[in-house]
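Have a look at the structure below, then the notes.
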Amino acid sequence: MTVDQHRQRVLRLLSEFADKLPAELNAALHAEATPEVRREQVAALRQALAGVAGAEELLTDADALVEKSVWLIGGDGWAYDIGFGGLDHVLSLTENVNILVLDTQCYSNTGGQASKATPLGAVTKFGEHGKRKARKDLGVSMMMYGHVYVAQISLGAQLNQTVKAIQEAEAYPGPSLIIAYSPCEEHGYDLALSHDQMRQLTATGFWPLYRFDPRRADEGKIPLALDSRPPSGRAGRDAAE
(Lines of atoms letter the chains of each structure in order from A and count residues from 1; the text may use other names and numbers.)
(Lines give C-alpha, C1' and ligand atoms only; values in the text may rest on other atoms or scores of the structure.)
Protein backbone atom coordinates (compact mmCIF):
# COMPACT_ATOMS: atom_id res chain seq x y z
CA MET A 1 0.00 0.00 0.00
CA THR A 2 2.93 2.32 0.69
CA VAL A 3 4.25 1.68 -2.81
CA ASP A 4 0.82 2.46 -4.29
CA GLN A 5 0.47 5.67 -2.28
CA HIS A 6 3.94 6.80 -3.35
CA ARG A 7 3.01 6.18 -6.98
CA GLN A 8 -0.26 8.12 -6.63
CA ARG A 9 1.62 11.08 -5.16
CA VAL A 10 4.02 11.11 -8.12
CA LEU A 11 1.07 10.92 -10.54
CA ARG A 12 -0.41 14.01 -8.87
CA LEU A 13 2.90 15.81 -9.31
CA LEU A 14 2.98 14.67 -12.91
CA SER A 15 -0.43 16.23 -13.58
CA GLU A 16 0.93 19.60 -12.42
CA PHE A 17 3.47 19.57 -15.24
CA ALA A 18 1.28 18.06 -17.95
CA ASP A 19 1.48 21.25 -20.03
CA LYS A 20 5.28 20.98 -20.07
CA LEU A 21 5.26 17.46 -21.55
CA PRO A 22 4.51 16.09 -25.01
CA ALA A 23 0.88 14.92 -24.94
CA GLU A 24 1.88 11.45 -26.13
CA LEU A 25 4.40 11.00 -23.29
CA ASN A 26 1.96 12.27 -20.67
CA ALA A 27 -0.72 9.82 -21.84
CA ALA A 28 1.77 6.95 -21.91
CA LEU A 29 2.85 7.63 -18.33
CA HIS A 30 -0.76 7.26 -17.20
CA ALA A 31 -1.33 4.03 -19.12
CA GLU A 32 -0.22 0.50 -18.23
CA ALA A 33 3.28 -0.52 -19.31
CA THR A 34 5.90 -3.16 -18.60
CA PRO A 35 8.70 -2.14 -16.23
CA GLU A 36 11.14 -2.00 -19.17
CA VAL A 37 8.93 0.35 -21.19
CA ARG A 38 8.11 2.46 -18.14
CA ARG A 39 11.80 3.01 -17.39
CA GLU A 40 12.26 4.35 -20.93
CA GLN A 41 9.28 6.67 -20.40
CA VAL A 42 10.69 7.91 -17.08
CA ALA A 43 14.00 8.65 -18.80
CA ALA A 44 12.10 10.67 -21.42
CA LEU A 45 10.22 12.47 -18.62
CA ARG A 46 13.45 13.49 -16.95
CA GLN A 47 14.81 14.76 -20.24
CA ALA A 48 11.65 16.75 -20.99
CA LEU A 49 11.53 18.41 -17.55
CA ALA A 50 15.26 18.99 -17.13
CA GLY A 51 15.75 22.56 -15.94
CA VAL A 52 12.02 23.22 -15.43
CA ALA A 53 11.49 25.21 -12.23
CA GLY A 54 9.68 23.34 -9.47
CA ALA A 55 10.01 19.91 -11.07
CA GLU A 56 12.80 18.72 -8.80
CA GLU A 57 10.59 16.61 -6.52
CA LEU A 58 8.88 14.91 -9.46
CA LEU A 59 12.19 14.13 -11.14
CA THR A 60 13.66 12.76 -7.90
CA ASP A 61 10.74 10.40 -7.28
CA ALA A 62 9.83 9.57 -10.89
CA ASP A 63 11.05 5.98 -10.49
CA ALA A 64 7.93 5.36 -8.40
CA LEU A 65 6.04 5.27 -11.71
CA VAL A 66 7.77 1.96 -12.50
CA GLU A 67 5.70 -0.95 -11.19
CA LYS A 68 7.41 -2.61 -8.24
CA SER A 69 7.64 -6.30 -7.44
CA VAL A 70 6.97 -6.58 -3.69
CA TRP A 71 8.16 -9.70 -1.84
CA LEU A 72 7.97 -10.35 1.91
CA ILE A 73 10.28 -13.12 3.14
CA GLY A 74 10.19 -14.74 6.57
CA GLY A 75 10.39 -17.99 8.48
CA ASP A 76 7.68 -20.27 9.81
CA GLY A 77 7.93 -18.87 13.34
CA TRP A 78 6.84 -15.52 11.91
CA ALA A 79 4.34 -16.82 9.35
CA TYR A 80 2.63 -19.51 11.44
CA ASP A 81 2.95 -17.99 14.92
CA ILE A 82 4.05 -14.54 16.03
CA GLY A 83 3.32 -12.76 12.75
CA PHE A 84 0.37 -14.80 11.57
CA GLY A 85 -2.17 -12.06 12.25
CA GLY A 86 -0.34 -9.64 9.97
CA LEU A 87 0.25 -12.25 7.28
CA ASP A 88 -3.41 -13.27 7.33
CA HIS A 89 -4.52 -9.65 7.10
CA VAL A 90 -2.28 -8.89 4.11
CA LEU A 91 -3.42 -11.99 2.22
CA SER A 92 -7.08 -11.24 2.96
CA LEU A 93 -6.75 -8.06 0.89
CA THR A 94 -6.34 -7.77 -2.86
CA GLU A 95 -2.98 -5.99 -2.90
CA ASN A 96 -0.39 -7.28 -5.38
CA VAL A 97 2.11 -8.57 -2.82
CA ASN A 98 4.08 -11.82 -2.72
CA ILE A 99 5.01 -13.69 0.47
CA LEU A 100 7.72 -16.37 0.63
CA VAL A 101 7.77 -18.49 3.80
CA LEU A 102 11.00 -20.39 4.50
CA ASP A 103 9.54 -23.29 6.45
CA THR A 104 12.12 -25.02 8.67
CA GLN A 105 9.32 -26.36 10.90
CA CYS A 106 10.87 -24.88 14.03
CA TYR A 107 12.29 -21.68 15.49
CA SER A 108 15.69 -22.07 13.85
CA ASN A 109 17.22 -18.78 15.02
CA THR A 110 16.66 -19.48 18.72
CA GLY A 111 17.64 -23.11 19.04
CA GLY A 112 14.96 -25.17 17.35
CA GLN A 113 11.90 -24.74 19.56
CA ALA A 114 8.57 -26.00 18.22
CA SER A 115 6.37 -23.73 16.15
CA LYS A 116 2.92 -24.30 14.70
CA ALA A 117 4.76 -25.57 11.61
CA THR A 118 6.39 -28.39 13.60
CA PRO A 119 4.97 -31.78 12.57
CA LEU A 120 3.28 -34.28 14.86
CA GLY A 121 5.75 -36.28 16.95
CA ALA A 122 8.79 -34.12 16.19
CA VAL A 123 11.32 -33.79 19.02
CA THR A 124 12.41 -30.18 19.56
CA LYS A 125 14.10 -28.04 22.18
CA PHE A 126 11.88 -28.01 25.29
CA GLY A 127 9.76 -30.66 23.57
CA GLU A 128 11.73 -33.87 24.08
CA HIS A 129 8.58 -36.00 24.31
CA GLY A 130 7.49 -35.08 20.80
CA LYS A 131 4.91 -32.66 19.46
CA ARG A 132 1.41 -33.75 20.41
CA LYS A 133 -0.50 -31.77 17.79
CA ALA A 134 -0.38 -31.80 14.00
CA ARG A 135 1.22 -28.87 12.20
CA LYS A 136 -0.91 -26.01 10.92
CA ASP A 137 -1.67 -26.30 7.20
CA LEU A 138 -1.01 -22.70 6.24
CA GLY A 139 -1.43 -23.30 2.52
CA VAL A 140 -4.89 -24.84 2.79
CA SER A 141 -5.98 -22.10 5.21
CA MET A 142 -5.08 -19.36 2.73
CA MET A 143 -6.73 -21.21 -0.18
CA MET A 144 -10.03 -20.72 1.64
CA TYR A 145 -10.01 -17.03 0.73
CA GLY A 146 -10.33 -18.03 -2.90
CA HIS A 147 -8.38 -15.07 -4.29
CA VAL A 148 -4.87 -15.93 -3.02
CA TYR A 149 -2.30 -17.69 -5.20
CA VAL A 150 -0.79 -20.45 -3.02
CA ALA A 151 2.08 -22.83 -3.76
CA GLN A 152 4.11 -25.33 -1.77
CA ILE A 153 7.60 -25.93 -3.14
CA SER A 154 10.83 -27.76 -2.43
CA LEU A 155 13.88 -26.77 -4.46
CA GLY A 156 15.65 -30.08 -3.97
CA ALA A 157 12.57 -32.14 -4.78
CA GLN A 158 11.56 -30.48 -8.03
CA LEU A 159 13.44 -27.49 -9.43
CA ASN A 160 11.10 -26.83 -12.36
CA GLN A 161 8.04 -26.70 -10.12
CA THR A 162 9.82 -24.25 -7.83
CA VAL A 163 10.67 -21.90 -10.70
CA LYS A 164 7.18 -22.17 -12.19
CA ALA A 165 5.50 -21.38 -8.88
CA ILE A 166 7.65 -18.28 -8.34
CA GLN A 167 6.99 -17.08 -11.89
CA GLU A 168 3.24 -17.59 -11.51
CA ALA A 169 3.19 -15.82 -8.14
CA GLU A 170 5.06 -12.87 -9.63
CA ALA A 171 2.64 -12.66 -12.57
CA TYR A 172 -0.50 -13.08 -10.44
CA PRO A 173 -2.31 -9.71 -10.04
CA GLY A 174 -3.07 -10.13 -6.36
CA PRO A 175 -1.68 -11.62 -3.14
CA SER A 176 0.40 -14.77 -3.35
CA LEU A 177 1.88 -17.15 -0.78
CA ILE A 178 4.73 -19.58 -1.44
CA ILE A 179 5.68 -22.05 1.30
CA ALA A 180 9.16 -23.45 0.75
CA TYR A 181 10.57 -26.44 2.61
CA SER A 182 13.86 -25.21 4.06
CA PRO A 183 16.64 -27.44 5.47
CA CYS A 184 17.93 -26.60 8.94
CA GLU A 185 20.74 -27.93 11.13
CA GLU A 186 18.16 -28.49 13.86
CA HIS A 187 16.70 -31.32 11.73
CA GLY A 188 19.62 -33.49 12.80
CA TYR A 189 21.08 -34.59 9.47
CA ASP A 190 24.14 -33.56 7.46
CA LEU A 191 23.05 -30.52 5.44
CA ALA A 192 25.22 -31.77 2.58
CA LEU A 193 22.41 -34.30 2.11
CA SER A 194 19.69 -31.65 1.98
CA HIS A 195 18.58 -32.37 -1.57
CA ASP A 196 18.28 -36.09 -0.84
CA GLN A 197 16.22 -35.29 2.24
CA MET A 198 13.98 -32.93 0.29
CA ARG A 199 13.35 -35.53 -2.40
CA GLN A 200 12.48 -38.17 0.21
CA LEU A 201 10.07 -35.87 2.05
CA THR A 202 8.16 -35.22 -1.16
CA ALA A 203 8.32 -38.83 -2.38
CA THR A 204 6.79 -40.12 0.87
CA GLY A 205 3.99 -37.57 0.81
CA PHE A 206 5.18 -35.59 3.82
CA TRP A 207 5.81 -32.47 1.72
CA PRO A 208 3.51 -32.51 -1.34
CA LEU A 209 4.12 -29.97 -4.08
CA TYR A 210 1.17 -28.00 -5.39
CA ARG A 211 0.01 -24.75 -6.98
CA PHE A 212 -3.37 -23.13 -6.31
CA ASP A 213 -4.10 -20.51 -8.98
CA PRO A 214 -7.51 -18.76 -8.72
CA ARG A 215 -7.26 -17.76 -12.39
CA ARG A 216 -7.81 -21.40 -13.36
CA ALA A 217 -11.31 -21.27 -11.88
CA ASP A 218 -12.17 -18.44 -14.28
CA GLU A 219 -11.27 -20.83 -17.11
CA GLY A 220 -13.57 -23.53 -15.75
CA LYS A 221 -10.63 -25.56 -14.41
CA ILE A 222 -9.80 -26.83 -10.94
CA PRO A 223 -7.61 -24.17 -9.26
CA LEU A 224 -5.46 -26.71 -7.40
CA ALA A 225 -2.75 -28.58 -9.31
CA LEU A 226 -0.82 -31.33 -7.49
CA ASP A 227 2.71 -31.40 -8.90
CA SER A 228 4.19 -34.29 -6.90
CA ARG A 229 3.53 -37.98 -7.46
CA PRO A 230 1.44 -40.18 -5.14
CA PRO A 231 3.35 -41.18 -1.96
CA SER A 232 5.75 -44.09 -2.27
CA GLY A 233 7.67 -46.24 0.22
CA ARG A 234 6.58 -47.34 3.67
CA ALA A 235 5.99 -43.82 4.93
CA GLY A 236 3.93 -43.12 1.84
CA ARG A 237 1.80 -46.21 2.37
CA ASP A 238 1.26 -45.31 6.01
CA ALA A 239 0.19 -41.80 5.01
CA ALA A 240 -2.22 -43.16 2.40
CA GLU A 241 -3.80 -45.49 4.96
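Its first residue numbered 5, the sequence shown is counted upward by one per residue in this note's numbering. Where a beta carbon is used, it is the ideal one built from N, C-alpha and C, also for glycine.
Close beta carbons around aspartate 85, own chain, < 7 Å, minus the five adjacent residues each side: Ser119 and Lys120
Could you give the DSSP three-state label for tryptophan 4: helix, strand or coil? Lying before the first or after the last residue shown, residue 4 is absent from the chain, which here runs from 5 to 245.
Run of the alpha helix (DSSP H) containing alanine 31, from where it starts to where it stops: 27-34
Once the 5 residues before and after isoleucine 77 are set aside, which same chain residues still bring their CB inside 6 Å of it? Leu104
For serine 236, which residues of its own chain have a beta-carbon under 6 Å away from its beta-carbon, when the five flanking residues on both sides are left out? Ala207
Thinking C-alpha only, which one of Ser19, Ala27 and Tyr111 is nearest glutamate 189? Tyr111
Rounded to the nearest angstrom, how far is the Cβ of serine 158 from that of leucine 228, given a contact under 8 Å? That pair is no contact at about 17 Å.
Given a cut-off of 8 Å, decide if glutamate 44 and leucine 17 are closer than it, judged by their beta-carbon atoms. no
Using a 10 Å radius around the Cβ and a threshold of 16 neighbouring Cβ atoms, would you call isoleucine 226 buried or exposed? exposed
Would you verify that the beta carbon of leucine 205 is, or is not, closer than 8 Å to some beta carbon of chain C? In summary, chain C is missing from the structure at hand, where a single protein chain is found.
Quick check on the DSSP output: what are the complete alpha helix (DSSP H) runs of length 4 or more inside the region 81-123, in order along the chain? 88-96
Relative to the C-alpha of glycine 81, which residue among Ala35, Gly89 and Leu15 is closest? Gly89
Close-in-space but distant-in-sequence residues of the same chain around serine 180 (CB under 6 Å, 5 per side omitted): Asn102, Tyr153 and Ala173
Quick one: Cα of glutamine 51 to Cα of lysine 72, how far? 22 Å
List the whole-angstrom C-beta distance separating arginine 42 from leucine 69, where the pair is believed to meet the contact cut-off of C-beta under 8 Å. 6 Å
How should aspartate 194 be labelled, buried or exposed, when 16 other C-beta atoms within 10 angstroms of its C-beta is the threshold for buried? exposed
Run the CB neighbour count on proline 187, radius 10 Å, all protein chains shown included, and call it buried at 16 or more, exposed below. buried
Just how far apart, CA to CA, sit glutamate 40 and leucine 29? 15 Å
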